[in-house]
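So the protein sequences, as listed, match chains G and P.
Residue numbers for the first sequence follow this note's numbering, beginning at 18 and rising by one.
Residue numbers for the second sequence follow this note's numbering, beginning at 18 and rising by one.
What follows is a set of notes on a single structure, which appears directly below.
Protein chains: 2
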Amino acid sequence: MTDTDLPSLSATERTRHRRLREQGSPYRADLDAILAAGFLCHLGVVVDGSVMVVPTVYGADERTLYVHGSVAGRSLADAPGTDVCVTVTHMDGLVLARSVFEHGVNYRSAIIRGVPRLVRDADEKLEGLRLLTEQAAPGQWDYARRPSRKELAATALLALSLEEASVKTSSGPPEDGESADAALGLWAGELPLHTRWGRPVADPLLPADVRPPAHIADRSGEWLL
Amino acid sequence: MTDTDLPSLSATERTRHRRLREQGSPYRADLDAILAAGFLCHLGVVVDGSVMVVPTVYGADERTLYVHGSVAGRSLADAPGTDVCVTVTHMDGLVLARSVFEHGVNYRSAIIRGVPRLVRDADEKLEGLRLLTEQAAPGQWDYARRPSRKELAATALLALSLEEASVKTSSGPPEDGESADAALGLWAGELPLHTRWGRPVADPLLPADVRPPAHIADRSGEWLL
């Protein structure tokens, strides 16, 4: 995208891109598209003085990223005001160049940094969990039994502003097609990687006549990435 | 695995598992299997006092994880002795329960923590890059042009001991099949997620008669996860 009227991400010194090969995007729409394309993130947090990176699930509205924070929650409850980093990465394929040096990965990634809040308000927690659930499994919030007050209290949810975010993507062929290495006569290009949903597997404890609802069954074969 | 003669991961206080629902594994073979199943990791490092989580590629031998460390390398060069965390996650699918509370993700993840070294020895760097390349694209190290002395110097590679590692996996159906929620009559089970290689896309600059080598072409349709 090149339209300069598009809402921009506010880059701070530490989210500005330093490497030239990868492309940063200053556009909010690119951040939204990356977040919309997945549901798994990696949450980095300092626990007992050491960095810890844990996989977890997220949901988002226009301003806030909600992250399921069981591990980090414990630490953040002890140390409110702790800086975190949430990274969402979609791997699109391998870049196979003539030289090993020019090999790489095509990907889209979003990095959101800031000081999260532990969500304590019951209404906000419920809405955050709705966003998380619908991000991974659209339709499940209205289908499954919603959290009880007790379950809500037992869930750690972090809210992180989307204000400090950066987007980095890499796509396209390798960059050594016009270098001296082109004369080597080697094949070069991309090997794409695709992720898609399989067929639903019923819980063995389920009565045989209970069929998956359309919002689950119709997903089979759909591409996630 | 239950064989107690298998080599164990040495859990330290901070890699011990605290949650019951997910399963930790003390076996080195499970760590190796998770590392072998992918090539992308998330590296967490403290940069300028804040946590940063960046996607990057890795390779491993029996004792050491090698990580391409352009971003972290800069920081680690300034501050040797910095603690990092490398997390490898394979997403296997969604766990769809009767209640939202019991929803989850089936996954396999490995977390490796410690103080990495910036690899400076040229021979070790070359071997580390070979492991990285072969991890993502087996066969490419012998096919593509290997790094020159200059390219080697321009590459930041981190070496992290596999000594402090932990494995966590989640698999199988949801856990509320025998709860009161079973009476709701809702469908429950797993929605698997599969990742596989697509067809090679040639660099547009490539002469039409250059075909992909077998180690690339044969990968098409192969499952990564």
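Positions of the beta carbon are idealized from the N, C-alpha and C atoms, including for glycine.
Predicted, not measured: the structure shown is a model, and the values here were computed from it.
Identity of the residues DSSP links to residue i by a beta bridge
{"i": "A182/G", "result": "I129/G"}
{"i": "E207/P", "result": "V218/G, V112/P"}
{"i": "I213/P", "result": "According to the sequence displayed, residue 213/P carries Arg and not Ile. Paired residues: H211/G, W240/P."}
{"i": "L143/P", "result": "Paired residue(s): none; L143/P is not in a bridge."}
{"i": "Q152/G", "result": "In the DSSP output, where bridge partners are listed per residue, Q152/G has none listed."}
{"i": "R45/P", "result": "For R45/P, which the question treats as bridged, DSSP gives no partner whatsoever."}
{"i": "A77/G", "result": "L82/G"}
{"i": "S187/G", "result": "Y124/G"}
{"i": "G61/P", "result": "V70/P, C102/P"}
{"i": "H107/G", "result": "R125/G"}
{"i": "R134/P", "result": "A176/P"}
{"i": "Q157/P", "result": "BP columns for Q157/P are empty, so no partner."}
Short CB-CB distance (under 9 Å) between residue i and chain G
{"i": "L148/P", "result": "no"}
{"i": "D78/P", "result": "no"}
{"i": "P230/P", "result": "yes"}
{"i": "G194/P", "result": "yes"}
{"i": "L179/P", "result": "no"}
{"i": "L52/P", "result": "no"}
{"i": "T186/P", "result": "no"}
CB contact check: residue i to chain P, cutoff 9 Å
{"i": "Y83/G", "result": "no"}
{"i": "S42/G", "result": "no"}
{"i": "D247/G", "result": "For chain G, the structure presents residues 18 to 242; residue 247/G sits outside this window and is missing."}
{"i": "A225/G", "result": "no"}
{"i": "V2/G", "result": "Any answer about residue 2/G is impossible in this case: the structure gives chain G only from 18 up to 242."}
{"i": "L48/G", "result": "no"}
{"i": "T21/G", "result": "Model confidence at T21/G stands at a pLDDT of 40, short of 50, so the residue's coordinates are unreliable; what they give is reported in the following sentence. No, T21/G lies away from the interface with chain P (no Cβ there is under 9 Å from its Cβ)."}
{"i": "T106/G", "result": "yes"}
{"i": "G86/G", "result": "no"}
{"i": "A171/G", "result": "yes"}
{"i": "G145/G", "result": "no"}
{"i": "L60/G", "result": "yes"}
Integer Cβ distance of residue i from residue j, believed to fall under 8 Å
{"i": "L175/G", "j": "G86/G", "result": "4 Å"}
{"i": "R125/G", "j": "T186/G", "result": "5 Å"}
{"i": "L210/P", "j": "W214/G", "result": "6 Å"}
{"i": "R80/P", "j": "L203/P", "result": "Between L203/P and R80/P the Cβ distance is about 48 Å, and since that is not below 8 Å, they are no contact."}
{"i": "G61/G", "j": "Q152/G", "result": "Not really, about 20 Å apart at Cβ, beyond 8 Å."}
{"i": "V63/P", "j": "V184/G", "result": "Their Cβ separation, rounded to whole angstroms, is 22 Å, which puts V63/P and V184/G out of contact at 8 Å."}
{"i": "H59/P", "j": "P72/P", "result": "6 Å"}
{"i": "L111/G", "j": "E207/G", "result": "7 Å"}
{"i": "P191/G", "j": "L113/G", "result": "7 Å"}
Alpha-carbon to alpha-carbon, residue j and residue i
{"i": "A53/P", "j": "R134/G", "result": "36 Å"}
{"i": "D78/G", "j": "R162/P", "result": "46 Å"}
{"i": "L265/G", "j": "P224/P", "result": "This structure cannot speak to residue 265/G, because chain G is shown only from 18 to 242."}
{"i": "L13/P", "j": "L146/P", "result": "Because residue 13/P is not part of the residues shown, which for chain P are 18 to 242, the question remains open."}
{"i": "R38/G", "j": "H120/P", "result": "Low per-residue confidence applies at R38/G: pLDDT is 47, beneath 50, and the placement is therefore not dependable, though the value from the model is reported in the following sentence. About 39 Å."}
{"i": "A182/G", "j": "V218/G", "result": "37 Å"}
{"i": "E168/P", "j": "L143/P", "result": "10 Å"}
{"i": "V70/G", "j": "A154/G", "result": "24 Å"}
{"i": "S196/P", "j": "L222/G", "result": "11 Å"}
{"i": "V84/P", "j": "V122/G", "result": "14 Å"}
{"i": "S178/G", "j": "G131/G", "result": "7 Å"}
{"i": "V117/G", "j": "W158/P", "result": "7 Å"}
{"i": "V227/G", "j": "A173/P", "result": "54 Å"}
{"i": "A13/P", "j": "D109/G", "result": "Nothing in the structure corresponds to residue 13/P, since chain P is present only between 18 and 242."}
{"i": "L48/P", "j": "V101/P", "result": "18 Å"}
{"i": "A199/P", "j": "D220/G", "result": "11 Å"}
{"i": "R236/P", "j": "G41/P", "result": "31 Å"}
{"i": "Y160/G", "j": "P164/P", "result": "55 Å"}
{"i": "I233/P", "j": "I129/G", "result": "35 Å"}
{"i": "E180/G", "j": "T106/G", "result": "18 Å"}
{"i": "A315/G", "j": "A50/P", "result": "The structure shown does not extend to residue 315/G, since chain G is modelled only from 18 to 242, so the question has no answer here."}
{"i": "T104/P", "j": "T104/G", "result": "12 Å"}
{"i": "D140/P", "j": "A46/P", "result": "27 Å"}
Within chain G, partners of residue i - CB distance below 8 Å
{"i": "G215/P", "result": "G110, L208, P209, L210, H211"}
{"i": "D138/P", "result": "Going along chain G, no residue has its Cβ under 8 Å from D138/P, so there is no contact; the nearest lies around 18 Å."}
{"i": "S67/P", "result": "R31, D100, C102, R130"}
{"i": "I233/P", "result": "L113, W204, L208"}
{"i": "L241/P", "result": "L210"}
{"i": "A199/P", "result": "L222"}
Proximity test, residue i beta-carbon vs the ligand SAH heavy atom, cut-off 8 Å
{"i": "D235/P", "result": "The model on display carries no ligand, and the ligand SAH is accordingly not part of it."}
Under 8 Å from the C-beta of residue i: neighbouring residues of chain P
{"i": "W158/G", "result": "V117"}
{"i": "A153/G", "result": "L111, H120, V122"}
Beta-carbon neighbours of residue i, restricted to chain G and to distances below 7 Å
{"i": "Y124/P", "result": "P72"}
{"i": "E168/P", "result": "F118"}
Contact list for residue i against chain G, beta-carbon separation under 9 Å
{"i": "R163/P", "result": "S116, V117, F118"}
Partner residues on chain P for residue i, Cβ-Cβ distance less than 7 Å
{"i": "P221/G", "result": "P190"}
Cross-chain neighbours of residue i in chain P, by beta carbon under 9 Å
{"i": "V218/G", "result": "G110, P190, G206, E207, L208, P209"}
{"i": "L57/G", "result": "T106, M108, V122, Y124"}
Residue i at chain C interface by Cβ criterion, 9 Å
{"i": "R236/P", "result": "The structure shown contains no chain C; its protein chains are G and P."}
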